[in-house]
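Each number in our numbering corresponds to the 1-based position in the sequence shown with 111 added. From the three backbone atoms N, C-alpha and C, an ideal C-beta is built for every residue, glycine too.
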Amino acid sequence: MMTTGAAVVTAASMLMGSAATRLPKGFLLWENRSSGWDIWEVSDRASTPLMIDACHDSYWNKRGGVEKGRVAARTIYRQQEIDLGGEQVALYQDEPGARAAMDAMRAELKKCASRGEGIEKITYYSKPLKLGDEAIRVGARYWEGGLRQVAVRRGAAVMVYTETAWPTPSLPMGEFKSLLGDAREMAGKVCWLPEASCQSS
């Protein structure tokens, strides 16, 4: 049976371990792009759900609930009137954990590809993307606008980029030019982190 003192030491060790896996300050590409936005939020909470949230039951509803094995994350959310964007990097204990996060994302995109009626109707489109170890590109259309999103896995890391848009359902690559530029850069940069466990290509 664990004593109270031992429990405190164990909890402190867990917190120290969590802090050790925190992403370095300034690591995300958007951290120096804060000027000109009405809302600029940076969070280091590992519990922040991934921004690709087709069923709108986690990130967009601020309900929490993330995949098992998440050890660190940083999320940037920005908004200027109706335009919004996001950059997110999440680290998992191992590569299988990151793969499971991508699998869950694809399953949700299929489950909630089309839901609601009238002004509450939301439609999601998604296609594979050749980037990193695995990736997808996503488009969402709803009554007041839409989103373009890219998710990339490299080793034990998952990266998500989001921008306001009215996507074409076929998701042509040209529409994703700005997001893909950042996603490609981060897919290389994340391998600087030993925790990402990138395989040599």
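Within the continuous beta strand (DSSP E) that includes Leu-195, where are the two ends? Sequence index remark: in the sequence shown, residue 195 carries index 84 (1-based). Its beta strand (DSSP E) spans residues 194-203.
Worksheet entry | Where Glu-206 falls, given that 16 or more other Cβ within 10 Å makes a residue buried | Taking the sequence shown and counting its residues from 1, the one referred to as residue 206 is at position 95. In this structure Glu-206 is buried. Its beta-carbon is surrounded by 16 or more other beta-carbon atoms within 10 angstroms.
Would you identify the three-state DSSP class for Lys-238, choosing helix, strand or coil?
Translated into the one-based positions of the sequence shown, residue 238 becomes position 127. Strand.
| query | Excluding the five sequence neighbours on either side, which residues of its own chain have a C-beta within less than 6 Å of the C-beta of Ala-246, listed in chain order? | reply | Position 135 of the sequence shown, counting from 1, holds the residue named residue 246. Closer than 6 Å at Cβ, skipping near neighbours: Leu-240, Val-263.
(message) I'd like to check one pair, Val-153 with Ala-201: are the Cβ atoms closer than 7 Å?
(response) Taking the sequence shown and counting its residues from 1, one reaches residue 201 at position 90. Taking the sequence shown and counting its residues from 1, one reaches residue 153 at position 42. Their beta carbons are not under 7 Å apart, which means Ala-201 does not touch Val-153 by this criterion.
Notebook entry, point to check: So, helix, strand or coil for Ser-154, using DSSP?
Noted result: Reading the sequence shown from its first residue, position 43 is the one you call residue 154. Three-state result, Ser-154: strand.
Determine the direct distance from the alpha carbon of Ser-158 to that of Arg-144, and round the result to whole angstroms. Along the sequence shown, one-based indexing puts residue 144 at 33. Along the sequence shown, one-based indexing puts residue 158 at 47. Rounded to the nearest whole angstrom, the CA to CA distance from Arg-144 to Ser-158 is 24 Å.
- Tell me whether Met-162 sits in a helix, a strand or coil according to DSSP, three-state version. Within the sequence shown, residue 162 is the residue found at index 51, counting from 1. The answer is coil: DSSP assigns Met-162 none of H, G, I, E or B.
Q | Where the beta strand (DSSP E) containing Arg-75 begins and where it ends | A | Here the chain comprises residues numbered 112 to 312, so residue 75 is not present and cannot be evaluated.
Please classify Glu-255: does DSSP put it in a helix, a strand, or coil? Locating residue 255 in the sequence shown gives position 144, where the first residue counts as 1. Residue state, collapsed to three classes: coil.
Output needed for Asp-293: all residues of its chain with C-beta closer than 6 Å, excluding positions within five of it in sequence on either side, in chain order. Here residue 293 refers to the residue found at position 182 of the sequence shown. Contacts found: Leu-140, Tyr-272.
Fill in: Continuous alpha helix (DSSP H) stretch holding Met-216: start and end
Here residue 216 corresponds to residue number 105 of the sequence shown, with the count starting at 1. Residue range 206-222 is occupied by the alpha helix (DSSP H) that includes Met-216.
> Are the beta-carbon atoms belonging to Ala-183 and Leu-242 less than 7 Å from one another?
Replying inline: Start at 1 with the first residue of the sequence shown, and residue 183 comes out as number 72. Start at 1 with the first residue of the sequence shown, and residue 242 comes out as number 131. In this structure, Leu-242 does not lie closer than 7 Å to Ala-183 by Cβ.
* Asked: Count the other CB atoms within 10 Å of the CB of Thr-114; is the residue buried (16 or more) or exposed (fewer)?
  -> Residue 114 sits at position 3 when you count from the first residue of the sequence shown. Low local confidence applies: a pLDDT of 37 at Thr-114 is under 50, so the model's placement there is unreliable, with the coordinate-based value given in what follows. Exposed is the call here.
What span of residues does the alpha helix (DSSP H) with Ala-294 cover, start to end? For the purposes of this step, residue 294 is identified with residue 183 of the sequence shown, where counting begins at 1. From DSSP, the alpha helix (DSSP H) with Ala-294 extends over 288-300.
Counting only the same chain and skipping the five closest in sequence on each side, list residues whose C-beta sits under 7 Å from that of Lys-222. Against the sequence shown, residue 222 aligns to sequence position 111. Result list for Lys-222: Cys-166, in chain order.
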